[in-house]
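Protein chains in written order, with our numbering: chain P, 1 to 99; chain C, 100 to 380. C-beta atoms are modelled at their ideal positions from N, C-alpha and C, and glycine is treated no differently. Predicted model, so just to flag it, every value in this text is computed and none were measured.
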Amino acid sequence: MKGHVDFLLLATLREGPLHGYGVVDRLRGASDGAFDLAEGTVYPALYRLEAAGLLSSKWTTGGGRRRRVYQLTRRGRTELARERKEWKAFSHAVEAVVT
Amino acid sequence: MIEEYLAELSRELGEVGIRGQLRRRVLAESEDHLRSDADALERFGSPAELANQFAAELGARSSRRAAVSAFAALGAAGIVYALSFVGAAFAGQPAPDTWPLLAQLMLPIVIVAPQVAFVTGALGLVRTLRRREHVLPSAELAVINRRTSVALVSGFVTMAALAILALELRDVSASWWVAVTIAGASVAPPLLVLAGIPVVRASRLRPQVAGDAGDLFDDIGLGRTDPWRFACLVAGGVGLAVFLAAAVQGDPFDGALNGVAEALACLGGFAVLGRYLGLRH
Chain P
1 MKGHVDFLLL
11 ATLREGPLHG
21 YGVVDRLRGA
31 SDGAFDLAEG
41 TVYPALYRLE
51 AAGLLSSKWT
61 TGGGRRRRVY
71 QLTRRGRTEL
81 ARERKEWKAF
91 SHAVEAVVT
Chain C
100 MIEEYLAELS
110 RELGEVGIRG
120 QLRRRVLAES
130 EDHLRSDADA
140 LERFGSPAEL
150 ANQFAAELGA
160 RSSRRAAVSA
170 FAALGAAGIV
180 YALSFVGAAF
190 AGQPAPDTWP
200 LLAQLMLPIV
210 IVAPQVAFVT
220 GALGLVRTLR
230 RREHVLPSAE
240 LAVINRRTSV
250 ALVSGFVTMA
260 ALAILALELR
270 DVSASWWVAV
280 TIAGASVAPP
290 LLVLAGIPVV
300 RASRLRPQVA
310 GDAGDLFDDI
320 GLGRTDPWRF
330 ACLVAGGVGL
340 AVFLAAAVQG
350 DPFDGALNGV
360 AEALACLGGF
370 AVLGRYLGLR
380 H
């Protein structure tokens with residue numbers, strides 16, 4: 001999973017903006033618990049994706065607290081589409097070999 | 100429990116050099132996360148490991164950006180230097196042995212310092228472009244930051260020496276050359292200082308990431324040999340180039356002397372700075 005964290009985070013945010021806990025929770029739910037990160041580690045990755053221009057973030061309020069919410073940028077959507085295409089080709093090739 | 104965790108995380112972030120707005124942001128987001136779920140604290144990870152991960156990623160990113168912006172600032176200083184160097188041939192200056200003493204003292208500085216600036220800046224940039232991973236060994240980050248720092252300081256010294264040289268030669272040089280040199284040598288240093296700020300910030304980060312710093316052969320990618328043999332080869336090549344350039348202009352004796360001086364300066368630089376700049380182990 002380590003090599004695909006960025007891809008998974010971008011994919012998790014494709015449905016709409018989320019804060020860090022929301023990203024972890026959606027990722028865990030969407031994968032039926034298969035992807036269960038050490039939750040704090042999602043934040044360095046989110047900061048990295050934001051620095052790369054693939055995400056943007058802003059402060060909001062949630063649960064009576066300051067909350068940072070992340071969303072895909074246009075560039076992030078383009079990158080996600082590219083990585084999904086690469087992943088489909090890769091998994092198709094692996095499937096062809098192992099079956 | 101959450102307050103204790105956040106206090107520990109704050110301490111660990113400070114230990115790795117993350118302060119100010121970024122530290123406040125990390126703590127605010129961590130608190131929001133931990134209060135979103137009663138069990139989140141168990142799954143969040145150790146404060147020391149999390150702080151180190153932040154510092155490791157931020158360190159690599161910061162060092163790379165600092166090296167690139169430093170090279171751009173050095174490029175501007177390089178243009179100033181080139182204009183002054185080329186212009187000097189048309190400025191009607193007398194032979195250096197008739198210059199005022201201070202000007203004669205500045206001459207070796209304006210010859211050696213820009214070479215140090217160019218070589219170390221280029222090596223910092225090469226390492227930055229070659230290593231694009233999210234996280235780099237701490238030793239390698241130190242090498243990148245040192246190369247960038249030495250390049251900027253050498254660039255600043257070059258500009259200072261150039262300005263002093265122009266002032267000392269103002270009575271025996273064309274006024275346009277003096278004006279262009281001093282103007283250029285006044286504009287470049289603030290750019291170098293500005294480029295130094297990101298380097299200082301990057302150097303303050305202290306992630307603990309294992310791994311080797313690499314050496315010059317990792318940078319140039321042309322195989323590996325004894326580093327001193329390679330340094331002698333390069334020094335000999337530089338000395339020969341200086342000699343040939345002077346010989347073509349009809350001054351082989353001076354060319355030989357300058358060539359030997361250049362070669363010795365190269366070897367001296369390698370001896371003094373080689374390990375510090377990650378050129379050799």
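{"Check": "Rounded to the nearest angstrom, what separates P/R65 and C/R229 at their Cα positions?", "Outcome": "42 angstroms"}
{"Check": "By Cβ distance, which residues of its chain are closer than 6 angstroms to C/A301, with the 5 residues on each side in sequence left out?", "Outcome": "S161, S162, A165 and N244"}
{"Check": "Rounded to a whole number of angstroms, what is the C-alpha to C-alpha distance between C/L133 and P/P17?", "Outcome": "19 angstroms"}
{"Check": "Please say whether C/A334 and C/C365 have beta carbons closer to each other than 7 angstroms?", "Outcome": "yes"}
{"Check": "Near C/R226, which residues of its chain fall below 6 angstroms by C-beta distance, leaving aside the five closest residues on each side in sequence?", "Outcome": "I243 and D318"}
{"Check": "What residues of chain C sit near P/Y21, judged by a beta carbon separation below 8 angstroms?", "Outcome": "D131, H132, S135, D136 and A139"}
{"Check": "Return no unless some Cβ of chain P is closer than 7 angstroms to the Cβ of C/Q307.", "Outcome": "no"}
{"Check": "Going by DSSP, what residue range makes up the beta strand (DSSP E) through P/Y47?", "Outcome": "Here P/Y47 belongs to no beta strand (DSSP E); instead the alpha helix (DSSP H) covers V42 to A51."}
{"Check": "Counting along the chain, where does the beta strand (DSSP E) carrying P/W59 start and finish?", "Outcome": "L55 to G62"}
{"Check": "When we look at the beta-carbon of P/W87 and count the other beta-carbons within 10 Å, is it buried (16 or more) or exposed?", "Outcome": "exposed"}
{"Check": "Kindly list, in the order they appear in chain P, the residues whose Cβ is closer than 8 angstroms to that of C/G144.", "Outcome": "A38, E39, G40 and T41"}
{"Check": "What residues of chain P sit near C/A127, judged by a beta carbon separation below 9 angstroms?", "Outcome": "W59, R65, R66, R67 and R68"}
{"Check": "Would you mind giving the Cβ-Cβ distance between C/L261 and C/A169, rounded to the nearest angstrom? I have them listed as a contact below 8 angstroms.", "Outcome": "C/L261 to C/A169, Cβ: 19 angstroms. No contact."}
{"Check": "Ends of the alpha helix (DSSP H) at P/Y21?", "Outcome": "G20 to A30"}
{"Check": "Enumerate, from N- to C-terminal direction, the unbroken alpha helix (DSSP H) stretches of 4 or more residues contained entirely within the region 144–184 of chain C.", "Outcome": "none"}
{"Check": "Please classify P/T12 as buried or exposed, where buried requires at least 16 neighbouring CB atoms within 10 angstroms.", "Outcome": "buried"}
{"Check": "Please list, in chain order, all residues of the same chain as C/P199 whose beta carbon is under 6 angstroms from its beta carbon, the five residues on each side excluded.", "Outcome": "E267"}
{"Check": "Is it buried or exposed, C/E128, if we count other Cβ atoms within 10 angstroms and call 16 or more buried?", "Outcome": "buried"}
{"Check": "Since P/R67 and P/H19 are thought to touch, with beta carbons under 8 angstroms apart, how far apart are those beta carbons, to the nearest angstrom?", "Outcome": "5 angstroms"}
{"Check": "Nearest to C/A175 by CA position, among C/P213, C/A188 and C/W276, is which residue?", "Outcome": "C/P213"}
{"Check": "Taking DSSP as the reference, what is the three-state secondary structure of C/V125?", "Outcome": "helix"}
{"Check": "Quick one: which chain P residues come within Cβ less than 9 angstroms of C/L149?", "Outcome": "A38, G40, T41, Y43 and P44"}
{"Check": "Between C/E156 and chain P, is there a C-beta pair that is closer than 7 angstroms?", "Outcome": "yes"}
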